[in-house]
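Visitor:
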Ligand code: AVJ
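Residue numbers (full-length UniProt numbering): 1 to 318.
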């Protein structure tokens, strides 16, 4: 079968693999197996961000509900909504005490994950209205669901780190325009820290992050009917880029690679030692991040970290 460039994977592969350096959008890491591997990553001893962010949410959820008094919580990239439960509990308690309704709108690109986690949430939070919505929040036309009171848009996990500087600026200004005055934005971001710990978080001993990264090869092989493309021909590389304060994940060819992508009728060659960029994970300075938000039109009202100062939660208001 031949895929036109209107097939998203085909279009991204054609645009990215022949670039210099070759690159593929991070979202292709998250097929079903990739999503399961990422879930495993969040429990690895070296991977601190999920635990630290959960600590902050645990400590601050009630305060966030009181400060914002939001009627609707919109979550970007909700996934399994595990950490969001802390916020939902706090907002649900508040709404119930005041006899108000509260709505949760999880946005995700994966219908399956949205539906399965929404039905679990509906059981656990009978007092909340849940309106799962399939949406790509990185798309240029960002519109938020209507709300009877202030909204709080939450974007957790440090996923903002996957955007490069230009994408981040564009995303934040689109978001600020989509918010109504008085709406809130809650953002999770990983902080710059000791390089050894950063690199270890993306180079775990058990090799789960390596499997997660190398799974991109399998996604390509299957999606584009590739011949001559093997997961075992690639090494996982994660290194710190000090100039751009970000972790970069690459796939490095262990030998000369010669692939034919049947679906796009193209041959792709990669010399031994050459690398493909699969993910960036930018780390932040809290003041710089507050400045970026202000620049976009979101006024920072609070910034909280965990006890170790590893991770940052920022609450801003339009
Ligand atoms: C889900 C994007 C926040 O950048 O830390 C974890 C993804 N990649 N290990 C991150 C990831 C490798 C993660 N985010």
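Here a beta-carbon is modelled for each residue, glycine too, at the ideal position from N, C-alpha and C.
How would you label residue 148, buried or exposed, when you count the other beta carbons within 10 angstroms and need 16 or more for buried?
Guide: Exposed, by the Cβ-count rule.
Visitor: Would you list the residues sitting across from residue 266 in a DSSP beta bridge?
Guide: DSSP, once it has assigned bridges, lists 261 as partnering residue 266.
Visitor: Identify every run of the beta strand (DSSP E) within the segment 25-86, keeping only runs that are complete inside it and at least 3 residues long; order them along the chain.
Guide: Listed in chain order, they are 72-76.
Visitor: Considering only heavy atoms of the ligand AVJ, does any lie closer than 7 Å to the CB of residue 279?
Guide: For the ligand AVJ, at least one heavy atom lies less than 7 Å from the Cβ of residue 279.
Visitor: Going by DSSP in three states, residue 208 sits in which element: helix, strand or coil?
Guide: Helix, per DSSP.
Visitor: Consult DSSP for residue 197 and reduce its assignment to one of helix, strand or coil.
Guide: In this structure, residue 197 counts as helix in the three-state DSSP scheme.
Visitor: Take residue 171 and list the residues in its own chain whose beta-carbon comes closer than 7 Å to its own, dropping the five residues that flank it on each side.
Guide: For residue 171, where only same-chain residues beyond five positions count, the Cβ hits under 7 Å are 138 and 163.
Visitor: Bridge partners for residue 129 per DSSP, in chain order?
Guide: Paired residue(s): 103.
Visitor: Under 6 Å Cβ to Cβ from residue 392, same chain only, skipping five residues before and after it: list those, please.
Guide: With the chain running from 1 to 318 in the structure shown, residue 392 is simply not present.
Visitor: In the DSSP assignment, find the alpha helix (DSSP H) that holds residue 14 and state where it starts and stops.
Guide: It spans 8-17 - the alpha helix (DSSP H) in which residue 14 sits, taken as one unbroken run.
Visitor: Report all residues from its chain with a CB closer than 7 Å to the CB of residue 132; omit the five preceding and five following residues, and keep chain order.
Guide: So the list reads 106, 114, 115 and 118, once near-sequence residues are dropped.
Visitor: Spatial neighbours of residue 307 within its chain, please: CB distance less than 8 Å, with the 5 preceding and 5 following residues excluded, ordered by chain position.
Guide: Cβ within range, chain order: 55.
Visitor: Note down, in chain order, each residue of its chain lying with its Cβ closer than 8 Å to the Cβ of residue 208, except the 5 sequence neighbours on either side.
Guide: Once the five neighbours on either side are set aside, the close Cβ partners of residue 208 are 37, 40, 41 and 44.
Visitor: I'd like to know if the segment 235-250 and the segment 73-93 are in contact, where contact means that at least 3 CB-CB pairs between them fall below 8 Å.
Guide: They do not touch, by the three-pair rule.
Visitor: Specify, as a first and last residue, the run of the alpha helix (DSSP H) that residue 185 falls within.
Guide: Premise fails: residue 185 lies in the beta strand (DSSP E), 184-190, not in any alpha helix (DSSP H).
Visitor: How is residue 213 classed by DSSP in three states: helix, strand or coil?
Guide: Looking at residue 213 - three-state DSSP - the assignment turns out to be helix.
Visitor: Comparing the CB of residue 49 with every heavy atom of the ligand AVJ, is any distance shorter than 7 Å?
Guide: At least one heavy atom of the ligand AVJ is nearer than 7 Å to the Cβ of residue 49, so yes.
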